[in-house]
Amino acid sequence: MKTEKPGKKTKRAAPRTRAPEKRAKAKAAAADPCGQEVIEGLGVSPGIAIGPAHLRDGGDVQVVERQIAKREVEGELERFQNAVAQSLRQISKLKTKAKTFHGTAAEELGYLLDAHAHMLKSRSLVGGIKHRIQARLCNAEAAVMAEIGIVARNFAEMDDAYLRSRGQEVREVGLRIVRNLTKASFSGFDHLEPGSIVIAEEITPADTALMDPRIIGGFACAIGGAEGHTAIMARSLGLPAVLGAGALIGGVSNGDTVIVDGSNGVVVINPTAACRSSYERRRKAMARETQALSRLRNVEPVTRDGTRVTLLANLELPREIGQAVAAGAEGIGLLRTEFLFMNRDDLPSEDEQTAALSEIVEAMPGRPVTVRTLDIGGEKLTSSLGAHFAETQNPALGLRAIRLSLKEPKLLETQLAAMLRAGAKGNLRILLPMISTVAEVKEVRKILTSVAARLKRRKVRIADPLPPLGVMIEIPGAALTADALAKVSDFFAIGSNDLTMYTLAIDRGEESVAHLYNPLHPSVLRLMQFAIQAALRARIPISICGEIAGDARFTALNLGLGVRELSMGANALPRIKSRILNLDMQAATQRAQMIMDQYDAGRIAALLDDFNDVS
Ligand code: PEP
Ligand code: MG
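Here's what the structure looks like:
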């Protein structure tokens, strides 16, 4: 496994890829005629996008000046302090990133970020802004802009060129605070030129949800790992994306022509004509391959020796449903309901949730639609639920997913009521994220029964019988107690993304440890095997809905371990089907057994890749 740091500028496009396409990508990069400097990162969503750069954090922000009442002062001061604290956290994250740069770039950026951090701590600047809020009763955003304007002008009037340049830095710091105050991501990307490439320090899953692939060509940012939700969302929208490309900071200007090669983890700024046409040729070749695979839409996924596999789609956003149907998905194996809570300040009502879920259930007549209760927390934060989360040292181990739902029963009851109502219109299954104990499942079942009884009393039409209640196997403790969980659950879905993260203690969204994230680690495979065998013994269905389900490198192993249901981003489905059609189930089972005898991840990878090469 490669261990070089992502984010450096380099002349050679050495591929930093997701493992499955490693070989194909290695060839592509070696043949790359781009003799020019490229920026490397993590290729998290395959494909090539070419278009004008749009710097998400670079533009001016609109600030409305507002006179506040005396009683609002405390609140404005707190908002301002929080925005400063968030700015400092962002800068420290960028500083860590900057250390991976080569040569003077690391030093220069380090100085710049230190200067920004210094300003954010400076008593005169921070004190001046607070004073404006308190004495002039000015809203926080306007106070920041006014104070920054004065300080920047003072610098601009100085004789010394170095000091004059500090004026621009003060403005940048001010804009960062204001962006954090206004949560600028709400503004969306709809006004951009079609084909634009979004460049940013960081792009959250909520930002990605605002990207319309008819307008946005792709994106690249300095921060982020391959298995975080931004990456998953990019793959499901089919947007080529490169994350963890630290050298983007300061390396791109608005309007530059940018190539994002999401297959190889490479970003090219202002390519030469030869380079651009080589990428265009590759883009066309990929489109031809996609077109060829789409012909498999109505072909049943059956292995060469007759094993039928069920292929389902994961949905991040309702608008992907058409894509899932077009790809030939036999249902939805994972509907992440976080979209209902993103980019808004209020919570969705029961009616709103019912309508959104019903639309999806109705688009899949007679087919299973597996709706997961809210999995917010950790890296998946939304503004509408921000108030429920205190700052914690380890958010991934904190109040996330089912833990939040059980702590805020109203939230869970509303979701369950919407699921029961939408379930009356089709075949809906309920899935619980981050389950770690039998007691949690029992508690949810109790709440589900009481919500159903309440709806029935009100004569509301609900699913009858009640929908199956399944659990995600994504915490090592859940996998190890799968036999007990199987007694209280109607089905299992293996969440290999979190299972890998929690087993190996690797943050799935963190680029600095991305090279250590490995679902082929024997510990992860043993936990999966344990859960699969428990499900088979208990005769309950088990699927995989983590990213390995949509990765053809893993198909033989997933099936060889005994899984017959795979759920994945719709874009991945045709390729997985094609892999299944070429697979010999008996040979895959034997290879999986051989793999399970190994204790070295490298040997496992070699055994799997060799098998994939010849079958
Ligand atoms: C997983 O953890 O594998 C999973 C499918 O859930 P999510 O990616 O939404 O955390
Ligand atoms: Mg998960």
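Here our numbering is used: the first residue of the sequence shown is 6, the next is one more, and so on.
Note that beta-carbon positions come from the ideal geometry of N, C-alpha and C, so glycine has one too.
Fair warning: this is a prediction, and the values are worked out from it, not measured in the lab.
Beyond the five residues adjoining it in sequence on each side, R408 comes within less than 6 Å, by CB distance, of no other residue in the same chain.
The alpha carbon of L340 has as its nearest neighbour, out of I73, A318, Y522, the alpha carbon of A318. V304 counts as exposed, since fewer than 16 other C-beta atoms from the protein chains shown sit within 10 angstroms of its C-beta. Annotated three-state conformation of V568 is coil, per DSSP. Note on geometry: alpha-carbon atoms of K98 and Q86 lie some 19 Å from one another. Boundaries of the alpha helix (DSSP H) harbouring S501: 501-509, taken from the DSSP string. Inter-residue distance for V178 and H121 is about 6 Å (C-alpha atoms, whole angstroms).
P414 counts as exposed, since fewer than 16 other beta carbons sit within 10 angstroms of its beta carbon. In this structure, the C-beta of P199 stays at least 8 Å away from each heavy atom of the ligand MG. The alpha-carbon of I381 is positioned some 37 Å away from that of L612. Residue burial is scored here from C-beta neighbours: P470 has fewer than 16 other C-beta atoms within 10 angstroms and is therefore classed as exposed. About 14 Å separates the CB atoms of A331 and I337; that is not less than 8 Å, and the two are not in contact. When the alpha-carbon of A360 is set against those of V307, A423, L416, P370, the nearest one is in A423.
Assigned with DSSP and collapsed to three states, E335 falls in coil, not helix or strand. Following the DSSP letters along the chain, one finds M477 inside the beta strand (DSSP E) bounded by residues 474-478.
Contact annotation: K430 and V366 have beta-carbon atoms nearer than 9 Å. 9 Å or more divides the Cβ of T312 from the Cβ of L586. For the pair S455 and L474, the CB atoms are not nearer than the 9 Å cut-off. Per DSSP, reduced to three states, the secondary structure at Q72 is strand.
For Q72, the closest C-alpha among the options D266, R137, S127, T262 is that of R137. Inter-residue distance for A606 and E146 is about 51 Å (C-alpha atoms, whole angstroms). Scanning its chain for C-beta atoms nearer than 6 Å, with the 5 sequence neighbours on each side dropped, one finds around L142 the residues Q72, I73, in chain order. Per DSSP, the beta bridge partners of P57 are T262. Bounds of the beta strand (DSSP E) holding T375 are 373-377. If the five residues before and after L298 are omitted, its C-beta is found closer than 7 Å to the C-beta atoms of P579, R580, S583, all from its own chain and listed in chain order. Within the segment 203-283, the complete alpha helix (DSSP H) segments at least 4 residues long are 210-214, 234-242, listed from N- to C-terminus. Excluding sequence positions up to five before and after P472, its CB lies within less than 8 Å of the CB of M424, L425, G428, L433, R434, I435, all in the same chain and listed in chain order. For R459, the enclosing alpha helix (DSSP H) starts and ends at 443-462. Contact annotation: G267 and I53 have beta-carbon atoms nearer than 9 Å. For H234, the CB falls within less than 8 Å of some heavy atom of the ligand PEP.
Only exposed fits P370, as fewer than 16 other CB atoms lie within 10 angstroms of its CB. A distance of 9 Å or more separates the beta carbons of M533 and D503.
Contact between L248 and E79 does not hold, since their C-beta atoms are separated by about 38 Å, which reaches or exceeds 8 Å. Within the same chain, L404 come within 7 Å of K412 by CB-CB distance, once the 5 residues on both sides are set aside.
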